[in-house]
Amino acid sequence: MAGNLERALAVLELLAKNGGRMPLAAIADTLNIPRSGTHRLLSMLIDEGFVRQDEDHGEYMLALKLVSLALIYLSTSGVSDISQPVLDRLAESSGELARLGVVEDDHITFVGKAQGAKSGLRYDPDMGSQPPLHCTASGQAWLSTLSDERAIELVSKQGGLGPKSLNAPRAPKTIQQFLKDLNGARQRGYGVAIETYEAGMTSIAAPVRNPVTDEVVGIVSLAGPTSRLPESRLKELAPSLLSAAADMGAATLSSPLFKRAPAEAAPAASTSEAKKRGRVGAKV
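Just so we're aligned, residue -16 is where the sequence shown starts under this note's numbering, counting upward by one.
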């Protein structure tokens, strides 16, 4: 039973990460599950209303039940009520995309956003995405609040410092550069990513702390085209970003979504041992 449950959840996650639809053979091959077993899993998920099959092409796709459950959960958790006014103000004042990410276990998941760009280029990624930690402002903002060892451990779980995209010309490729970026974020109080995740895109992010425990429970970020966000503009936006993160921190006390224990934190401090580990490729 546990094996079937794990496989079924893996199917749902795979579909979600691949545009919501895939042929049976691709699902089976990607998850290394026999095609007969994959067919049984998909049939079970169809019976439960989580998956449906395209009658014309035969591909399997996510049904709206999963989305509905997620929206119901976010609604009952109160996260939209407490976060949207803060995100709306930040987006309006900055003219860029403002997002809220929740820290859970070893990752960040974006659960709220507000678009401040009224014209021109817009950066507007999918909700529910989980950013790579080593090359995004959001990951940098969170990891900078941890020890170097813990930060390296979390990045390793995501596959190390190997490029997640060929379209990220300035992503850190060595431990030294990665730790230098973290130290910069610690000194500033917020993370900065200039074309480290995607060419032509810049973002800044600040940690959201529980005002009682001081634990980091989320991040608030701003993102937009690099052409509109030179470093001078980032410095101008930083006070508003930090203020929004503080407001969000106070508001999180009323939402159960933020009362989960985040990944184990440790005092943020640079370590010479981590710096001595040298260059890394696909793994930290």
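Think of the CB as a built atom: it goes at the ideal place given N, C-alpha and C, for glycine as much as any other residue.
Whole-angstrom distance between residue j and residue i, CA atom to CA atom
{"i": "L104", "j": "M184", "result": "10 Å"}
{"i": "L(-12)", "j": "T209", "result": "43 Å"}
{"i": "T196", "j": "H90", "result": "20 Å"}
{"i": "L28", "j": "A(-9)", "result": "7 Å"}
{"i": "A151", "j": "D131", "result": "23 Å"}
{"i": "S186", "j": "K218", "result": "12 Å"}
{"i": "R216", "j": "G78", "result": "11 Å"}
{"i": "E(-4)", "j": "K48", "result": "14 Å"}
{"i": "F93", "j": "D12", "result": "29 Å"}
{"i": "A244", "j": "D88", "result": "Note that A244 has pLDDT 44, beneath the 50 cutoff, so the model's placement of it is unreliable and no number is given."}
{"i": "L7", "j": "V34", "result": "12 Å"}
{"i": "D30", "j": "A9", "result": "21 Å"}
{"i": "A100", "j": "R133", "result": "36 Å"}
{"i": "N15", "j": "A74", "result": "43 Å"}
{"i": "N166", "j": "K140", "result": "21 Å"}
{"i": "L45", "j": "L(-2)", "result": "7 Å"}
{"i": "V(-6)", "j": "P222", "result": "43 Å"}
{"i": "S19", "j": "G(-14)", "result": "15 Å"}
{"i": "R23", "j": "P17", "result": "10 Å"}
{"i": "L52", "j": "Q159", "result": "42 Å"}
{"i": "A206", "j": "R169", "result": "19 Å"}
{"i": "G32", "j": "L25", "result": "10 Å"}
{"i": "N1", "j": "D37", "result": "15 Å"}
{"i": "R82", "j": "G172", "result": "17 Å"}
{"i": "G84", "j": "I202", "result": "5 Å"}
{"i": "L162", "j": "Q113", "result": "21 Å"}
{"i": "L268", "j": "R211", "result": "Look at the range of the chain in this structure, -16 to 267, and you will see that residue 268 is not part of it."}
{"i": "G142", "j": "E136", "result": "10 Å"}
{"i": "I65", "j": "L126", "result": "24 Å"}
{"i": "A233", "j": "V200", "result": "11 Å"}
{"i": "L144", "j": "V86", "result": "20 Å"}
{"i": "L220", "j": "T235", "result": "22 Å"}
{"i": "A97", "j": "A176", "result": "19 Å"}
{"i": "M231", "j": "G3", "result": "31 Å"}
{"i": "S102", "j": "K156", "result": "35 Å"}
{"i": "M273", "j": "S76", "result": "The displayed coordinates of the chain run from -16 to 267. Any statement about residue 273 would go beyond what the structure contains."}
{"i": "T21", "j": "V138", "result": "31 Å"}
Counted within 10 angstroms of its Cβ, other Cβ atoms place residue i as buried (16 or more) or exposed
{"i": "T128", "result": "buried"}
{"i": "G95", "result": "buried"}
{"i": "P213", "result": "exposed"}
{"i": "P115", "result": "buried"}
{"i": "S204", "result": "buried"}
{"i": "A246", "result": "Note on A246: pLDDT 44, under 50, position unreliable in the model; the coordinate value appears next. Label assigned to A246: buried."}
{"i": "E198", "result": "buried"}
{"i": "D164", "result": "buried"}
{"i": "Q123", "result": "buried"}
{"i": "R153", "result": "exposed"}
{"i": "G174", "result": "buried"}
{"i": "V50", "result": "exposed"}
Bridge partners - residue i, DSSP secondary structure assignment
{"i": "G186", "result": "A small fix is needed here, since residue 186 is Ser in this sequence, not Gly. In the DSSP output, where bridge partners are listed per residue, S186 has A176, A206."}
{"i": "V191", "result": "G201"}
{"i": "K44", "result": "Per the sequence shown, the amino acid found at residue 44 is Met instead of Lys. Looking at the DSSP assignment, M44 forms a beta bridge with R4, R35."}
Distance cut-off 7 Å: residue i Cβ against heavy atoms of the ligand ZN
{"i": "L25", "result": "In terms of ligand content, the structure shown is empty, and the ligand ZN therefore cannot be addressed."}
Check whether the stretch 113 to 120 touches the stretch 167 to 181, counting contact only when three or more Cβ pairs, one atom from each stretch, lie closer than 8 Å. yes
Answer yes if the stretch 187 to 201 comes into contact with the stretch 25 to 43, meaning at least three C-beta pairs across the two stretches below 8 Å, and no otherwise. no
Touching or not, the stretch 62 to 80 and the stretch 215 to 227, by the rule of three or more beta carbon pairs under 8 Å? yes
Runs of beta strand (DSSP E) wholly within the stretch 56 to 142 (minimum 3 residues, chain order): 80 to 87, 90 to 98
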